[in-house]
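Each residue of the sequence shown is one higher than the last, beginning at 1 in UniProt numbering. Where is the CB? At the ideal position from N, CA and C, for every residue including glycine. Bear in mind the structure is a predicted one, so any value in this text is a computation, not a measurement. Quick notes on the structure that follows.
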Amino acid sequence: MSMTYRATYDASMADPDAFWMQAAKAIHWTKPPSKALFDRGDNMYEWFADGLTNGCYNAVDRHVEQGRGDQPAIIHDSPITGSKSTLTYAELQTRVASLAGALVAQGVTKGDRVIIYMPMVPEALEAMLACARIGAIHSVVFGGFAAHELAVRIDDCAPKAILAASCGIEPGRVIHYKPLLDDAIAQAQHRPDVCLILQREQERADLIPGRDLDWHAAQEGVAPAACVPVEGNHPAYILYTSGTTGAPKGVVRPTGGHLVALNWTMKNIYQCDPGDVFWAASDVGWVVGHSYICYAPLIHGNTTVVFEGKPVGTPDPGTFWRVISEHNVRSFFTAPTAIRAVKREDPKGTYKAKYDLSGLRALYLAGERADPDTIEWAQNLLQVPVYDHWWQTETGYTIAGNPAGLEALPVKIGSPTVAMPGYDVQILDEAGHPQAPGELGAIAIKLPLPPGTLPTLWNATERFQKSYLTTFPGYYETGDAGMIDDDGYLYIMARTDDVINVAGHRLSTGAMEEVLAAHPDVAECAVVGVSDALKGQSPLGLLCLTSGVNRPHDEITQECVKLVRDQIGPVAAFKTAVVVDRLPKTRSGKILRGTVVKIADSQAFKMPATIDDPAILDEIKAALQTVGYAN
């Protein structure tokens, strides 16, 4: 490793205050902070707490003032509706100030919460920025989320206003947002004062007099709002992540640290200079959408792509390549599951030949483990580096990655590379002792976490400490398991609860999935640990086949069992695999392994709020019954 990364990382560890105060100079402050780190006691920390700044000013107004108003800020590309449009920074400033003015006219002020329930349209970003402009705290809830789950979030953050659209559009169907919103408000104890509804031409919703206002009509005749400076520790937003208890956890994102850290990542991790086009193919409902569709690219002066479509079927598996080619995307960020979907439909990558991807510098993957087979396929197809990187809703940006803009480190397939500045990542055993290189253990981060990471949970400090800080005192518990090799490269092997115990041997389901994914007929797979009276747990594989494969399924499953036996050994006790049409996933592409385990073990389970398609669970149950489970 040459000195560039190492020297930068070491500087962040040796003197975090100096390192992050330097990084903070790239942000506009109404009043600069007196220092970077504030220790609040009890393992609680804040960054830049006494500075004054504004997220919207940093993301929009300052670029206009610096003469870049004509640069595209947002490109909207919607293969679902067949529409494309571009907003410049100057146009975005006008629209955001106007929407913020409408919120002010409805009594929304600094510190008030606003829920945003929108599809992938530019107005979703305008809503987020309008809240930041006036110091309101937004909470984006995935558009089309079930009414009950939306009601839970309404009650937790008590919004003064809700910004929503009449509908979302999926391939072949319209999702009616407004009835879901009305149902959620009826179920909730808390009532918002006002709802602003963006009427989409595909479906116009009925508005309830006295509560609902038309998005555009609400802005008529109101004064545009100015940017309100807020403290560095003022919450920019609350983002709910599913909790193990069923009650959602409201991750709080502090304004100052979020601006400083995200701005740093755009050049150092994603290799983007101001003016470059950056595309994160995610959704504003997820943390990736917050950090890398909305805030980071705009803070850094990039052009961001808002994409309303799917990796396949809108209209074909070449849609990603079309968008990259058409809009000259420099860095592309998506989830491994999206690349697997493309690979499954177009295993030879024939659609790519239609497009010129010469402007693309790298593909970044995050959201779940990227199996080596998918990375190698993408590398061969795209002929650019493919960087897996690892982070969480809680952190808001990369914990471990390849700082390609600072120094491109050698890629080791299967590793998201190394810890980023500010993150002291360690592998601990169950007693909290550091593990030797190559030893599997719990991944923990020594406190304090760097700027922009969660300081607490919304209205739940005790729960924050219990969830993250008590297992390993002095550390943040990530909930992931893995190891660090002799070169300092991190390997994420599984969620801690995906390390299964087979007759006393601790085994990673992720390692087994890696082996299965290498089988030429397997497009995607999952391994879960199911109850075993003799061994405690035994692994069970679920396999999705590449399109066009028409060999007998039992041949393929036998080959897969043999592969795991050959590569991991008999100790894995891997004996059972079953072919399924598709895996149950959340809308962000994470496989619902815990739910599969409960179905296999014939246990009662709660329908996951984030599930993409509930009907799939019946298919999984039927498949598992064919191999003796789920009875």
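Buried versus exposed, by CB contacts within 10 Å (16 or more), residue i
i: G628; result: exposed
i: P570; result: exposed
i: A338; result: buried
i: S12; result: buried
i: I620; result: buried
i: R200; result: buried
i: Q106; result: buried
i: S467; result: buried
i: R173; result: exposed
i: N233; result: buried
i: E555; result: exposed
i: A7; result: exposed
i: R191; result: exposed
i: G67; result: exposed
i: Q189; result: exposed
i: S34; result: exposed
i: I208; result: exposed
i: D618; result: exposed
i: L543; result: buried
Residues of its chain near residue i, where Cβ-Cβ distance is below 8 angstroms and the 5 sequence neighbours each way are ignored
i: M512; result: V527, P539, G541, V564, I568, A572 and F574
i: N501; result: L507, G529, G536 and Q537
i: D155; result: A188, Q189 and H190
Length of the line joining the Cα atoms of residue i and residue j
i: A400; j: G143; result: 29 angstroms
i: G432; j: D346; result: 46 angstroms
i: P275; j: L360; result: Per the sequence shown, residue 275 should be read as Gly rather than Pro. Near 14 angstroms, if we compare the C-alpha coordinates of L360 and G275.
i: L92; j: M118; result: 18 angstroms
i: Y9; j: L365; result: 22 angstroms
i: A518; j: G51; result: 51 angstroms
i: S588; j: Y475; result: 28 angstroms
i: T4; j: N268; result: 11 angstroms
i: D206; j: P248; result: 30 angstroms
i: V384; j: C560; result: 30 angstroms
i: W215; j: V194; result: 11 angstroms
i: H176; j: L406; result: 45 angstroms
i: L150; j: G285; result: 12 angstroms
i: L163; j: I197; result: 6 angstroms
i: S85; j: H76; result: 5 angstroms
i: A136; j: W458; result: 14 angstroms
i: P473; j: I324; result: 45 angstroms
i: V277; j: Y292; result: 12 angstroms
i: I116; j: V141; result: 6 angstroms
Cutoff 6 angstroms; reference residue i; Cβ partners in own chain excluding five residues on either side
i: M21; result: A36
i: I413; result: P372 and I375
i: L180; result: A147
i: T334; result: A281
i: F605; result: T595 and K598
Cβ-based neighbour list, residue i, same chain, cut-off 7 angstroms, excluding 5 preceding and 5 following
i: V530; result: Q537, S538, L540, V597, A600, D601 and Y629
i: A225; result: A97, A100, G101, V104, R133 and I134
i: R62; result: H28
i: I616; result: R582 and P584
i: S59; result: Looking at the sequence itself, residue 59 is Ala, so the reference to Ser does not match. So the qualifying residues of the chain are L129, Y295, L298 and I299.
i: P229; result: T30, L52, T53 and N54
i: I484; result: I427, P437 and L490
i: G349; result: L381
Any non-hydrogen atom of the ligand NAD closer than 7 angstroms to residue i Cβ
i: Q537; result: Absence of the ligand NAD from the depicted structure is noted, as is the absence of any ligand whatsoever, leaving it without description.
Cβ distance (whole Å) where residue i is taken to contact residue j below 8 angstroms
i: P79; j: G221; result: That belief does not hold up - the Cβ atoms of P79 and G221 are roughly 36 angstroms apart, past 8 angstroms.
i: V114; j: P159; result: 5 angstroms
i: A281; j: H258; result: That belief does not hold up - the Cβ atoms of A281 and H258 are roughly 22 angstroms apart, past 8 angstroms.
i: M493; j: G479; result: Wrong, their Cβ atoms sit about 13 angstroms apart, outside the cutoff.
i: E394; j: T453; result: 7 angstroms
i: L239; j: V287; result: 6 angstroms
ask   = Of all the alpha helix (DSSP H) runs that stay within the bounds of the region 54-118, which reach a length of 4 or more residues?
value = If we require 4 residues or more, the alpha helix (DSSP H) runs fully inside the region 54-118 come out as 89-105.
Ranges of the alpha helix (DSSP H) found wholly within the region 116-155, counting only runs of at least 4 = Complete alpha helix (DSSP H) runs here, min 4: 122-134.
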